[in-house]
Amino acid sequence: FIFYFLASVLLSVLLVLKAGRRWNKYFKSRRPLFTGGLIGGLFTYVLFWTFLYGMVHVY
């Protein structure tokens, strides 16, 4: 899970840097930028790795 959280934080930081000082032009606040897709992405991450782990150990 550490890789997922590090990648999520890195993506958020890169989006803030790309938006620059005009971040409020693109986002209503900074909170959704950092936490917006965190839970939904976490479910996808767990589902993918569970599937991959099962495929490797079955075959």
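If you want the working numbering, it's the 1-based position in the sequence shown plus 1.
Every residue, glycine too, gets a C-beta built ideally from N, C-alpha and C.
On a predicted model such as this, the values are computed, not experimentally measured, just so you know.
- Taking F35 as reference, the option from F4, A8, F2, W50 with the minimal CA-CA separation is A8.
- Apart from the 5 residues on each side of it in sequence, W24 sits with its Cβ closer than 8 Å to the Cβ of V17, R31, L34 in its chain, given in chain order.
- Within the same chain, and ignoring the five residues on either side of Y27 in sequence, the residues whose Cβ sits closer than 6 Å to its Cβ are A20.
- In its chain, beyond the 5 residues on either side, Y5 have a beta carbon closer than 7 Å to the beta carbon of L43.
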